[in-house]
Structures are given as structure tokens and as C-alpha cells.
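A quick write-up on the structure given underneath.
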Amino acid sequence: MAEPHQIAHVAALCRTLYTSSSLDERQASEQALAKAFPTFVDHALVSPASPTMPMEIGFTARTPFESMAQSSIILEQTNDRYVQTFVTNHLKILVAKHFALMSLEEKKQMKEFILGYLQKNTHAERFVISSLAQILALILKLAWFDDDKFSQIMTDMGAFINSPVPSQIECAQILTTLVNEMNNPSLPTPKVSKVRKAVVAFRDTQLVQVFQAGISFLNRLLGNGTEFASDDQRTAYMVGAVTMIRACLGFDFIGTSPDESSDDVGSIQVPGSWRPLLDDTFVSLIFRCYTMFATSGQRAAVAAASTVMECLSFIVAVRRSLFNEKERQPWVTAIMRDMKSVLTSGAGLDNVESYHELCKTLSRFKTVYNLSELAQSDQFEDWLQAVVQFSVQGLTSWKWSPNSDPYLLTFWSKSALSTIPGNDRLTYFTSLVAERFIASRVEAFEEIAADDLDDPFEDEEVLISNLELLANFARRQYDQLVQFVSTSFNAVFTQYKGRLVFDEFLKTQRPEQLMQLTYLIYVIAAFLGARQPYQSPERHDQLDGELSCHVLETMNFHQGLLPNASIDMAILYFFSQFRKSYVGESERRTSQVYTALARFRVEEQEHVMELMAQHIVWILRNRANEHAAIFKTLKLFDDLSMGYVSVKLLSKIETVKALLGAHNLPFLDGNPKFRMRYYATLSRLLFAEEINDAQFAAFVRPLDDQFQALALMQASNSLHVQARDSRVQQAFTNVFRDLRGLLTPVMNKRNYALFFDWLFPDKLHLMFAFMQACVDVHAVVNPLLKFYLEFAQNRSNRLVTDGNSVNGILLFRETSRLLQFYSLQRVNDGMTSPMHGAAAASKVDEVYKGITTCLRVYRNNVGGNFVNFGVFALYGDDALEAAMDAVSALIVSVPLPHMLAYPKLCLAFFETLDTMTQPANLALLTTIDVRFFAYMTQALAEAIKSAAPGVAASATNAVDNLATFLYTEQTKPPRKALGKAPHCIVQAFTRYPEILASWMSLLLNTVLFEETTIQWSLSRPLLPLVLLNRDLFDTYCQHLVQCQLRERQEQIATLLRTVMNDVDLMLTSKMRDKLTSNITQFRRETTAQNLAVMIPPEFPLPMF
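Throughout the sequence shown, residue numbering follows the working numbering, covering -7 to 1096 in sequence.
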């Protein structure tokens, strides 16, 4: 028993922990509670919990089980919600981490305590019941095969089920939590394989009993066989029963999907043992529950009705193979009969959630069963008629539940693929639903325009998704639907033109006719996109042509009016869908689609491409301020330039040729990213066919003019003055972005050489001079650096030249000069000093972006394999050494916390270190700056623990490179030249041997005990580190064993001895793989034995 003052003290600490606004107070309370209630997981908190140290609260626990017992006593003696929260969370950790240390009797006692507490405290708060049920589930998972007491949980729950109503309500919550926890893929214990076996056994033996208990609860409720003390108690009973059945039906029966309730689930794979429970009487029971709840008038009951309907969405999706042919027909007949009653009566469908779940039920029912199979039932005709009426009413009520529309559209989309007796009737229904859906949306725009409601075209993704589903069944009776769409379109278009003629004011507005036209263009585009290649009859192609004529007519008419982003976006979507269906690498050059289009002089693919190109250029010229339309236009333009056939067709069109000759359009002054994409597309078109120097010169003439102006500034010694003009800065910033966009798609050496010869040396020197004049203007310098990043990118080996070319060396020297100047300015100007206050946000944009790009430029240069760096030292060229010094200075100028805090900068830094520490690059070093060395070693230690896989992998590679280089240097034969000093890297690590010890302990802690996605990469540096100093590894192992609880020390020591089994002291790939395999085996064994290992502190880094 705990003393009252102790409980009061614990309650005060827990209240502070969960409610205090002071971080210091919360941390102090957490520390005090951690010492009084040790988890024996954190090594730092084991010693303070020993009985030799007086505790402020007065509790002592020598073992995890004593800590459990202590927590259990506190839980029984208090009703404080904060204490209950803390204690239940504490118990959960102890069970997860130390359950294997408990004897069988102790495990039983823990389970009996939880059940006994729950049975005695039927009015406990719901969070307490849920928390204890979660612990109970964890105990069952870990001890399922230890004793029958753990595998017969429903026997234990019989005492709750046969007790008064409060216990039954609590039982429902316990069982619901139990099922959900058994179905939870994220486990607080590493014992995954054993837990999964326990879950499978629970599914096979106990889950069906839980499901049966839920059914019995509903039977009692509907049979009025249970007396309730109040309406609230009856509601709680009802909700508990329904929620329990929902948890059972949503169980992951086959262990592949953590949530079988996802919308795209095909069928529910219930075990065969459930078959006796699933019959037509069960279906009727669930539908009766739904009707009773939905019509009760009570708010809680109506809410529970939606959960019942969710259960029905699972029930109708139960796998077909559960029933034989004879049994399946009564099953589906019962479903259709009772569903028809709900559909016709509308019971509960004024509740959005219930309506939504019914739509989902219909969709899933159709997913599992074919209409041809359902048509064999005598209920089919009435059911289908009810579904049609429900679908028409639901889909035309556009404001009611728009999130439910995809389910109804999916039902009809899949139904359209079926063939049933009286097939014409199904065809009529699909056509009716499609027509009513389109008509309702067209009519809705009158209300949208009149009441100024939200623009439905803003969420284009949802609009297109629904229309694509519609198009799948619209093509079943395509002639009739095309006639309907054409009639609607002509009527709206005529009204629209008429209003524009008679009401000049409307030219500046968004009348409902314009929105209706826009919507119908989206509909037509979706219809075209649903065409199936090689399956569509020629008549359908001809109808597509007729629909396309409406769009082209609207496009021609609209181009003379004021801009409208929505209709521009719709026309672009139409072109993208037309291209998808009728223009491509394998499409026929002629099709019936062009029969109707001939009146627009569109008779083959080339004509369509020309029309698309004309419209693209028209939008780019005339819609500069419509950023969404410009973005989508550039995307279409870019997509067309990607295809092997389409880019060649496009490049031959006169409109495109004219664009290549005059490509500076008004929209380019908008979003800078537009320039990049635009010029990347132009580059593909320019190089679609092989070009000569004259053609290239004609294309870059506008850029030449800009460089000529820059040259004149330099010649007149006015560059430094004029470069401060914001207009001049913007002009050349655009040039840098344009050049970067042009270079990005270039993949072959010849085309790259055209750019190189054009830029080098004069234009590159002008760029450098411009940067010197604007070095403090980051909005100019950063785009220039990014251009150099692309220029030095050896994409597809485009920079690799023959042995007689010096282009690679010239490029490296130019970028080295750039890096030197930038680094000198940044460091000398103090612009990388620590951040203060509001400067933090702008610092990222201004300085760190530039440094990030410089690191990537250096990495591209050094790791690009287009320069033989050996020639630099041979001819006394210091470009390589100077670039290294410049980058090192930039790196150390960034405080390490900042380096680690900014993801892009951090990744660029460690990728650069990975490249910099490659053995071939290390061999070229003659000196290394002490500040950089200290910075690098500390950064690598931090990055190994990074949660970002890319950062951790690059850092680990760098450690591996360094350790391998050190070992290789150490094992080399003695140097012949006497007095030859060791390599600078060897000297640095010799001076600070603690670095390798710290790295080794950090890597071992990570690979042995932590979950990571780059386990293989993290294990690679260990072998060279062990080979460099085997004693360090032995010291780590001894330290690790000493940190463990006495009961575990021998187990851990035995397992650690296996880590170096069969690992020879040779640095080969085979030995690396063997060590990695041994580490994996060590982890597997600790998991199998459920060992909660306390991770020892890392060896410290030296003080530099």
C-alpha cells in the first residue's frame, strides 16, 4: 500500500507533467517520475532508481516487475485522471520492453490484475478502460503460446458478458480495443514474427467469438430482452455493440492491408469459421438495427446508424468464395431485398454520414458481385430500379454530399461493363444516370452564378476524377449521350453568344452560360479520354470528332474575348485528352475522328499538332497574367516535346519554328519557374533534329544581344554602376534562368559542345564580372550559381570529351574561380555569421541557398569524372586545391546547428563530404585545415543519427571512405623515401584517436539496436573501424554488457560474441558482408528473445 502523501505527491507531479505551461516544470516532473517509476530502458535512469539512493517520493523498484507492481498499487488507490494516464502509459512500456523477464506466474498475475481492475471499476473513464485493454492486448500478443490462459480471452470475458449492463458496456469497449490492437500493424515491441503468429491465432480462434458476442448484444437490444436504467445507458450499449462488430469486420484477415476499410478494398477475406454466422437472418438483423437506429430520433442513435451502415459496407463485400453456389443466392437476395427497403424508404438518408456509407456499400457490392450474377435473383429488377432512383436523386443533389458522388459513379462505371438479360434496360439506366448527372451540374451553375458560390473549377482534380468515372459508363450508349451533350452545348453556346451581343456589360462578367460551357468542355474532354485504343468502334471515333468540333468552335470564338482562366483550363484539358486518345507514338495517322473535324481543316495528326501549337502559343502570348492557365499550357507543351514522334512533328510546324526564332514572350516576366520549363521545352524542340551552327546562332541571338549589352557596360567601365540597377539585374537573372532551362534537356556531347563553344570564354567571363558587381545581391547571384550547377552537370556523359579536348579542365578552372570568389566574399563580408532575430528567415534564402548551390557545384566538378585531376599537381595548377579551400571555408562558416537544421543545405554538405572523401580524392590532398577537420568529424557523428535517410547514408559513406583510407594507408609497405611524412589525413586521426572510437560506438549503437531503413549502409564502415583498433570494439562490448540489468548480462554477452564470428581481419567485400550478416543475426536473436537492451552512452569526441 502506498501512503496518502506519496499518492498526493505523485498526483501533483502528474498534474504538472500534463498541464503546466512551463517547459522547465514539465521536464522536472518527468525526471522525478522517471526516477520513482523506472522503465529500465534508459541507462541514465537505472542507477537513480536503486534502493541505495533515497527517493523524493519514497518508491524503490529493483526490477521491472517490482515497478509494475508499484504502478498497479498506485492505480488501485487513486481516481486521479492524470495519475491514471501516467501509470497506464508506464505499464505499457514495462510490458513491451521487459515481458520476457517475467516468470509465467508473474505474467498471469499481470493479466489477472487488469481483468480484475476492469471488473471492479465498471464506471472507470473510457480512456482508462482503453489503455488497460491495450496493455491486455499486448500481453496476449507476447504470451499467447505460453499458456492456455492467454489464448482463451473470451472465456475470461464471459464474466463481463453475463454481468449487469454496465459490465456488458465495458466489455464491448474492451473487446473493441482488443480487436483494434490485434489489428494494429505498429507494435511497441520488436518481436514482430511471434506477435504476428499470435494475431493469426487470435483471428482463427477468438475473433469469431468476439463477432458472435457483438451479434448477441444486438439481438438482446432488438429483442427488448435487456432492461436499461436510462436512455443514455441504452445508447451506450447500442454504440458499444455496433462498434464491436465494426472492429471485427474491419480486421486485416489476410495480413496484407493494415486497413481493410480503405475505399479501394476488393473483398473482405473472412475465415471459413464465420460461415455459420453469415446468412440471410444476419443480414436482416443488421438492416433492422440500421432502420431502428436511423428512425429513433435520438442524436446518438442516428450517429450509430452510420456505423451500422459502415458495417453493411463490409458485409456486402464478404468474399464470394465463402458461399457455394446454392448458398450465395439467398445471401445476395437478402442484401438486395433489405437494401431496396432502405433505398425506397430513405430511412436515415437525411444524415450525411449514413448516406455516404450507403453509397460506399453500393460501390463495394458491385465490386464483389457481377450484375449478371445478381440478375438471377427475383429481387434484382426492383433493387436495380431503386438504385437508379437513388443514384439520380443523389447525383442531382449536387450540394448534399459531394464526397459520395465518386462511389455512385464507380457503381455505374463498373455496371456498364456487365451484360445481363434485358441488356437494353441496363443501357437505358446508365444513359439516364449520365444524362441526369450532366444536366444537374449544368443547371447548378445558374444558382452558383446567382448566389456567388464557390467556383467548382478551382478544385479541378476532383472535377476531372468524377468526370472520368462518368465517361467510363457514358460510352455504353454513346450515340444518345453525344446527342444530349451536343444539344445542351448548342443551346448554352447560342444563349452565351446572344447575351454577349445584346449586353456589352457581360463581357467583363462570368455569366452562368460561360461556366456551363466550361463544364461541358470538361465533359467532352473526359469522354474523349475514356476511349479504349483498338477497342473503340469507328462510329465512336466519329462521335468524338463531332464533340471536338464544339470545343474548337468555342475556342475560336473565345479567343476574341476577355481572358477567362476556367475556359482556358478546360480547353487545355481537352487537348491533353485528345492527344492521349488520338495523337501518339502508335496511333493511326488517320481516324474517323477527323471526318467531322475536316471543316476546321484538321484531317490528320499533324494538323491536330499544329492546332495545339497555335493554341499553346496564343495562350502564352495573350494570357500572361493567368498563371494557372500558363502552368497547364507549359505542361502540355512540355509533354508534347517529350514524345519521340510528337517532338519531331511539333518541331516542323511553322508556328513552332516562328516561336524558336522569337521566343521572348510576355508571360516570362511572371513566375521564374515558367522560364525554366519553357526554355527546356524549346531546347528539346531545337534539338529534335540535328542542327548546324547557324541555326543554333539564330536561336540564341536574343541572348547574344543581352551579352552584347553587358560587354558594352564592361568596356565603358560602367558595369559596377549599371549592375546596381534593378532592371539590369532582373534582365540578367532571367538570362541565367533561361540558359539553365536550355541546358537541362541536353543529353549528348555535340549539343552540349554547341553551348560550351558559344559561352566560353567571353560570355562566362562576362557572367563572372557581373557576379563581381552584384555579389551582395543574392537574387542575382543564386540563379547564376544554379546555372553553373547545371553547366557542370555531367548528365549522360555529355561533358566527357576525347583526349585532345581541354574543355573539361577549362570548365573546372572556371568554376573553381567562381567558388573562390564567392567563398571569399561570403566569409570576408561576415554574411554567414550567426543569425539574429528576424534575420533568420531571410538568411535561408540569401546565404544558405548560395552555399548549398556552391557545394553541389563542387560535387559535380569533383565527382563528374570529366577531369583528370592528376594533371593539376603535375603542371603546378592550384585550381583543385583552391576549390577545396574555398568550399572548406564556406562550410566552416556555417554554424553546425544551422547546417543540420536546413534539409537542403544539410544534404548537399554530406553528399559533398561523400564525394570529397573518396579514396582517389583524398590521395590528392596535401593539407587539411584543422577547423574543417574538426567540423567534419563532429558533423559526421551527428548525421549518422539523422532521421533523413539520404543524410545518414551520405555521412556513413564518408566515414567508410575515411576509415578505409586510413586502414589502407596503415597497411601499406613502408615508404622507400626516408623521412616521408604520413598523409595529412593519417596525421589528423593520429592526433585525435578518440574520433574513431566515437564513430564506432555510435554506429554500433545504431546498427545493433535502432530501427533504420539504411541498416546495410550503416554497417559498412564497421569492419575498417574494427580493423583499425580491435581493442576499441572489445571495450565497447564490455561496456554494453555492464550497462544491462544483471538478469540480461550473460545473454547479451553471449550474443555479442557472435558478431565477429567467421570475420577474418581482412578488408574485403566478403568480410564486410559477413559482419553485416552477423549483425542482422544479433538483431534477430535479441528480437526473438524479446530483450530490451539498454543502449550505452557513446564514446565522446575530442575537444578540438
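Even glycine gets a Cβ: it sits at the ideal position worked out from N, Cα and C.
Here the structure is a predicted model, which means the values were calculated and not measured.
Unbroken alpha helix (DSSP H) runs of no fewer than 4 residues, entirely contained in the stretch 939 to 1009, are found at 941 to 962, 976 to 983 and 986 to 1001, following chain order. Taking C-beta atoms as the reference points, Val879 and Tyr850 count as a pair closer than 8 Å. Between Val87 and Leu130 the beta-carbon gap is near 5 Å, inside 8 Å, which marks them as a contact. Under DSSP, Val713 shares a beta bridge with no residue.
Annotation note: the stretch 146 to 171 contains no uninterrupted beta strand (DSSP E) run of length 3 or greater. In this structure, the straight-line span from the alpha carbon of Leu1093 to that of Trp991 is close to 8 Å. If you check the CB distance, Gly733 and Met634 do not come in under 8 Å.
Take Leu628, set aside five residues on each side of it, and the residues of its chain with a beta-carbon closer than 7 Å to its own are Leu564, Phe567, Ser568 and Ile608, in chain order. Counting only unbroken stretches of 4 or more residues, the alpha helix (DSSP H) elements lying wholly within the stretch 1028 to 1086 are 1038 to 1048 and 1061 to 1080, in sequence order.
Here the stretch 1011 to 1021 lies against the stretch 1066 to 1077, with 3 or more beta-carbon pairs under 8 Å apart. Contact between Ala408 and Glu460 is ruled out by a C-beta separation of about 13 Å, above the 8 Å threshold. Per DSSP, reduced to three states, the secondary structure at Val33 is coil, with no helix or strand assignment. When DSSP assignments are scanned along the stretch 185 to 262, the uninterrupted stretches of alpha helix (DSSP H) that are 4 or more residues long and fall wholly within it turn out to be 199 to 214 and 223 to 241. Minimum Cα-Cα distance from Arg591 among the listed residues Leu1059, Glu1002, Tyr574 and Glu545 corresponds to Glu545. In the three-state scheme derived from DSSP, where H, G and I count as helix and E and B as strand, Val769 is classed as coil. About 7 Å separates the Cβ atoms of Ser638 and Val575, confirming a contact at the 8 Å cut-off. Measuring C-alpha to C-alpha distances from Glu682 to each of Asn740, Arg188 and Leu210 identifies Asn740 as the nearest. The beta carbon of Leu954 is closer than 6 Å to those of Thr909 in its chain, skipping five residues each way along the sequence. In this model, Gln19 and Glu219 are separated by some 50 Å (Cα to Cα). When beta bridges are read from the DSSP output, Val310 appears opposite Ile260. Excluding five sequence positions before and after Glu838, the CB atoms of its chain that fall closer than 6 Å to its own CB belong to His770, given in chain order. Along the length of the stretch 414 to 478, whole alpha helix (DSSP H) runs at least 4 residues long occupy 415 to 443 and 452 to 466, reported in chain order. For Cys6 and Asn113, the gap between their C-alpha atoms comes out near 22 Å.
Look at Gln62 here: in three-state DSSP terms it is helix.
Boundaries of the alpha helix (DSSP H) around Tyr814: Asn799 to Asn820.
Boundaries of the alpha helix (DSSP H) around Gln597: Gln597 to Asn614. Cβ atoms of Pro263 and Arg320 stay farther apart than 8 Å, at about 17 Å. For Leu866, the enclosing alpha helix (DSSP H) stretches over residues Gly862 to Leu866. Burial state of Gly842 is buried, judged by a 10 Å Cβ sphere holding 16 or more other Cβ atoms. Counting C-beta atoms within 10 angstroms of its own C-beta, Phe679 has 16 or more neighbours from the protein chains shown and is therefore classed as buried. DSSP places Thr486 in the helix class (H, G or I) of the three-state scheme. Sequence-distant Cβ neighbours of Asn656 in its own chain, meaning closer than 8 Å and more than five residues away, are Pro694.
Counting only residues of its own chain and dropping the five nearest sequence neighbours on each side, Val773 has a CB closer than 8 Å to the CB of Met763, Cys766, Val767, Tyr814 and Gly842. Just measuring C-alpha positions, the residue of Gly150, Phe105, Lys189 and Asp148 sitting nearest Leu134 is Lys189.
Closest in alpha carbon position to Val585, among Gly552, Leu535, Gln606 and Lys572, is Leu535. DSSP places Asn774 in the helix class (H, G or I) of the three-state scheme.
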